[in-house]
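Accompanying notes for the structure given below.
Residue numbers (my numbering): 85 to 506.
Structure (structure tokens):
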């Protein structure tokens with residue numbers, strides 16, 4: 085399926101997709117409010133009409149015929165039936181279910197979150213496309229420089245250039261119109277590399293405990309991300325317990341407790357300076373006793389001595405796997421997108437220290453070098469599972485390659501998408 089086709093499916097969709105469902109829910113909610121506002125008047129009107137009709141029919145019956153007037157018992161029975169009909173009309177409909185984020189709103193989060201990167205990078209691409217009416221070697225060289233400036237990474241840029249040159253030659257493309265679509269499609273291909281469901285967390289079957297271990301240096305937003313992920317899992321109906329395993333950084337335990345109180349999750353903790361492995365042991369026992377679905381474990385983020393870091397993480401990993409077979413089920417590395425290529429160095433270090441299964445890229449909305457997503461994926465072959473696109477609780481979003489690339493090239497792609505529709 086082409087990039088444009090997938091993009092249309094996600095952005096435009098059809099009446100059966102969730103964005104249309106969201107619109108229908110909103111319309112029904114508005115109609116309900118309007119109906120509720122007019123119901124009392126309608127009910128009174130119905131009662132008045134029924135009473136008038138009954139009076140007229142009784143009068144006509146007594147004047148024109150000798151049919152006897154209904155007894156008091158019959159009148160009471162008729163009034164009771166009318167009251168029951170009114171009550172049926174006045175029954176309040178079931179409340180509208182909580183609206184889930186639509187596909188369009190999620191896409192807009194990526195577009196807004198990548199605004200800084202788009203303003204610095206994509207605006208330059210637009211200028212480049214405007215200056216070069218034809219696709220030639222000079223165009224490719226300038227495009228290469230722009231991608232490197234966005235921290236896409238040298239290997240990724242070289243691979244992209246090769247793919248672009250081949251595609252331009254294969255399709256005999258002469259001018260730059262539509263070139264952003266081809267760039268976007270090739271970037272998605274490079275990221276996915278034929279793999280699917282990269283963003284899915286390795287959740288265990290119902291009734292079994294899923295253990296997620298968070299690693300990362302201090303200051304990258306690790307604790308905040310844990311809180312947001314806990315909120316996300318709780319909104320899916322899961323019981324979540326947090327383990328305060330960062331016992332070395334001053335205030336780390338209190339910070340996690342604040343997030344636990346905010347999202348309604350129990351935090352298992354010990355005093356500052358305690359053995360992190362002992363905290364994990366207590367947390368696993370507590371999570372099992374409470375029949376929790378997910379245990380999210382925080383860890384210390386020191387890189388001053390890589391040997392100590394590795395030993396500490398290995399010990400924590402060993403305790404977790406002993407108490408829960410095949411755990412941790414996810415080892416998520418939190419990286420600060422604003423650090424650019426330095427995030428790549430951190431990812432390499434933690435990959436050597438532990439088996440990182442996925443990356444959470446924080447503060448993507450605060451950097452002009454959002455291309456680091458592609459560099460990490462292409463060089464380390466570790467999928468980005470979540471991205472932080474803002475400060476709100478629901479701004480932690482599962483990574484989506486198409487939406488990410490759309491966020492990078494939104495302005496140009498919107499124009500090309502409109503032209504294709506015309």
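Note that beta-carbon positions come from the ideal geometry of N, C-alpha and C, so glycine has one too.
Model, not experiment: these values are computed from the prediction.
field: Whole-angstrom distance between residue 256 and residue 265, CA atom to CA atom
entry: Within the chain shown, residue 265 is the residue found at index 181, counting from 1. Within the chain shown, residue 256 is the residue found at index 172, counting from 1. Near 15 Å, if we compare the C-alpha coordinates of residue 256 and residue 265.
message: From the DSSP secondary-structure annotation, give me the bridge partner or partners of residue 436.
response: One-based indexing of the chain shown puts residue 436 at position 352. Partner(s): none; residue 436 has no beta bridge.
task: Grab me the residues of residue 270's own chain with a C-beta within less than 8 Å of its C-beta, minus the 5 sequence neighbours each way, in chain order.
output: To locate residue 270, count along the chain shown from 1; it is residue 186. For residue 270, where only same-chain residues beyond five positions count, the Cβ hits under 8 Å are 244, 247, 248, 251.
query: With a CB to CB cut of under 7 Å and the five nearest residues on each side skipped, what residues in its chain are close to residue 275?
result: Here residue 275 is taken as the residue at index 191 of the chain shown, counted from 1. Counting only Cβ-Cβ distances below 7 Å, and skipping sequence neighbours, we find 458, 461, 485.
- prompt: What distance in whole Å lies between the Cβ atoms of residue 439 and residue 385, which are believed to be in contact at a cut-off of 8 Å?
  reply: Along the chain shown, one-based indexing puts residue 385 at 301. Along the chain shown, one-based indexing puts residue 439 at 355. Not quite, the Cβ-Cβ distance comes to about 17 Å (not below 8 Å), so this is no contact.
message: Which of the three DSSP states is assigned to residue 206 in this structure?
response: By one-based count along the chain shown, residue 206 stands at place 122. In this structure, residue 206 counts as helix in the three-state DSSP scheme.
Those runs of the alpha helix (DSSP H) which lie wholly inside the region 384-470 and span at least 4 residues: 390-407, 425-437, 456-464
message: By the DSSP assignment, the alpha helix (DSSP H) with residue 482 in it spans what residues?
response: The sequence position of residue 482 within the chain shown is 398, counting from 1. Run containing residue 482: none in the alpha helix (DSSP H); it sits in the beta strand (DSSP E), 480-482.
task: Look at residue 466 and residue 450 and say whether their C-beta atoms are less than 8 Å apart.
output: Sequence index remark: in the chain shown, residue 466 carries index 382 (1-based). Sequence index remark: in the chain shown, residue 450 carries index 366 (1-based). Not a contact, by the Cβ cut-off of 8 Å.
- prompt: With DSSP run on the structure shown, which of helix, strand or coil describes residue 511?
  reply: Residue 511 cannot be examined here, being either before or after the span of the chain that is shown, 85 to 506.
- request: For residue 154, I'd like the list of residues in its chain whose CB is within less than 7 Å of its CB, leaving aside the five on either flank, ordered along the chain.
  value: Position 70 of the chain shown, counted from the first residue, corresponds to residue 154. Here residue 154 scores only 44 on pLDDT, less than 50, and its place in the model should not be relied on; the value that follows carries that caveat. Around residue 154: no qualifying Cβ.
- request: Would you list the one or two residues that DSSP bridges to residue 298?
  value: Here residue 298 refers to the residue found at position 214 of the chain shown. Its beta-bridge partners are 416.
- request: May I ask you to list the residues that DSSP assigns as paired with residue 327?
  value: Locating residue 327 in the chain shown gives position 243, counting from the first residue. 352, 381.
- prompt: Does the distance from the C-beta atom of residue 323 to that of residue 374 stay below 8 Å?
  reply: In the chain shown, residue 323 corresponds to position 239, counting from 1. In the chain shown, residue 374 corresponds to position 290, counting from 1. Contact: yes.
query: Sorted by chain position, which residues of the same chain lie with C-beta nearer than 8 Å to residue 108's C-beta, five sequence neighbours on each side aside?
result: Your numbering for residue 108 matches position 24 in the chain shown. For residue 108, the pLDDT reaches just 47, beneath the cut-off of 50, and the residue's location in the model is therefore unreliable, leaving the point undetermined.
message: Taking the alpha carbon of residue 400 as the reference point, which residue from 288, 332, 191, 362 has its own alpha carbon closest?
response: Translated into the one-based positions of the chain shown, residue 400 becomes position 316. When only C-alpha atoms are compared, the closest one is 362.
- prompt: If you follow the alpha helix (DSSP H) that residue 277 is part of, which residue opens it and which one closes it?
  reply: In the chain shown, residue 277 corresponds to position 193, counting from 1. Note, residue 277: premise wrong, no alpha helix (DSSP H); not H, not E.
task: State yes or no: is the C-beta of residue 234 nearer than 7 Å to some heavy atom of the ligand PLP?
output: Annotation note on the ligand PLP: not contained in the displayed structure, which lists no ligands.
message: Among the candidates 338, 289, 207, whose CA atom is the shortest distance from the CA of residue 311?
response: Residue mapping note: residue 311 aligns to position 227 of the chain shown, counting from 1. Among 338, 289, 207, the Cα nearest to that of residue 311 belongs to 338.
- prompt: Is residue 493 helix, strand or coil when you go by DSSP?
  reply: The count along the chain shown starts at 1 and reaches residue 493 at position 409. Looking at residue 493 - three-state DSSP - the assignment turns out to be helix.
Neighbourhood of residue 179 by C-beta distance below 6 Å, restricted to the same chain and skipping five residues each side: Along the chain shown, read from residue 1 onward, the residue named residue 179 stands at position 95. Any reading at residue 179 is ruled out, since the residue's pLDDT is 38, under 50, leaving its predicted position unreliable.
- prompt: Taking residue 272 as the reference, which of 489, 493, 237 has the closest Cα?
  reply: Walking along the chain shown from the start, residue 272 turns up at place 188. That would be 489, whose Cα lies nearest to the Cα of residue 272.
task: State the Cα-Cα distance for the pair residue 391 and residue 476, rounded to the nearest angstrom.
output: Position 307 of the chain shown holds residue 391. Position 392 of the chain shown holds residue 476. So the alpha carbons of these two residues sit roughly 36 Å apart.
query: What is the DSSP secondary structure of residue 303, counted as helix, strand or coil?
result: Within the chain shown, residue 303 is the residue found at index 219, counting from 1. If DSSP states are grouped into helix, strand and coil, residue 303 belongs with coil.
message: To test your reading of the DSSP string, which unbroken alpha helix (DSSP H) runs of 4 or more residues are found completely within the region 195-244?
response: 207-215, 221-233
- prompt: Can you tell me whether residue 414 is buried or exposed, with buried defined as 16 or more other CB within 10 angstroms of its CB?
  reply: Looking up residue 414 in the chain shown gives position 330. Classification of residue 414: buried, given that the 10 Å Cβ count is 16 or more.
- prompt: Would a C-beta distance cut-off of 8 Å place residue 318 and residue 351 closer than the cut-off?
  reply: Stepping through the chain shown from its first residue, residue 318 is reached at position 234. Stepping through the chain shown from its first residue, residue 351 is reached at position 267. No. Outside cutoff.
- prompt: Per DSSP, which one or two residues make a beta bridge with residue 259?
  reply: For the purposes of this step, residue 259 is taken as the residue at position 175 of the chain shown. Bridge partners of residue 259: 218.
message: Using CA atoms only, rank isn't needed, just tell me which of 333, 360, 471, 325 is closest to residue 343.
response: Taking the first residue of the chain shown as 1, we reach residue 343 at position 259. Nearest option by C-alpha distance: 325.
task: State buried or exposed for residue 360, treating a residue as buried only when at least 16 other CB atoms are found within 10 Å of its CB.
output: Here the question's residue 360 lines up with position 276 in the chain shown. With 16 or more Cβ atoms within 10 Å of its Cβ, residue 360 is classed as buried.
- prompt: Out of curiosity, what's the CA-to-CA distance linking residue 196 and residue 211?
  reply: Within the chain shown, residue 196 is the residue found at index 112, counting from 1. Within the chain shown, residue 211 is the residue found at index 127, counting from 1. Answer to the nearest angstrom: the Cα atoms are 21 Å apart.
For residue 295 and residue 580, believed in contact at Cβ under 8 Å, the rounded distance: This structure does not reach residue 580, given that the chain is present from 85 up to 506, and the question cannot be answered.
- request: Look up residue 321 in the DSSP assignment and say whether it is helix, strand or coil.
  value: Against the chain shown, residue 321 aligns to sequence position 237. Note: residue 321 maps to coil in three-state DSSP.
task: Report, in whole angstroms, the separation of the C-beta atoms of residue 473 and residue 194, which I expect to be a contact under 8 Å.
output: Position 389 of the chain shown, counted from the first residue, corresponds to residue 473. Position 110 of the chain shown, counted from the first residue, corresponds to residue 194. The Cβ separation is near 7 Å, so the contact holds.
- prompt: Would residue 416 pass as a contact of residue 427 if the rule is Cβ separation under 8 Å?
  reply: For the purposes of this step, residue 416 is identified with residue 332 of the chain shown, where counting begins at 1. For the purposes of this step, residue 427 is identified with residue 343 of the chain shown, where counting begins at 1. No. Outside cutoff.
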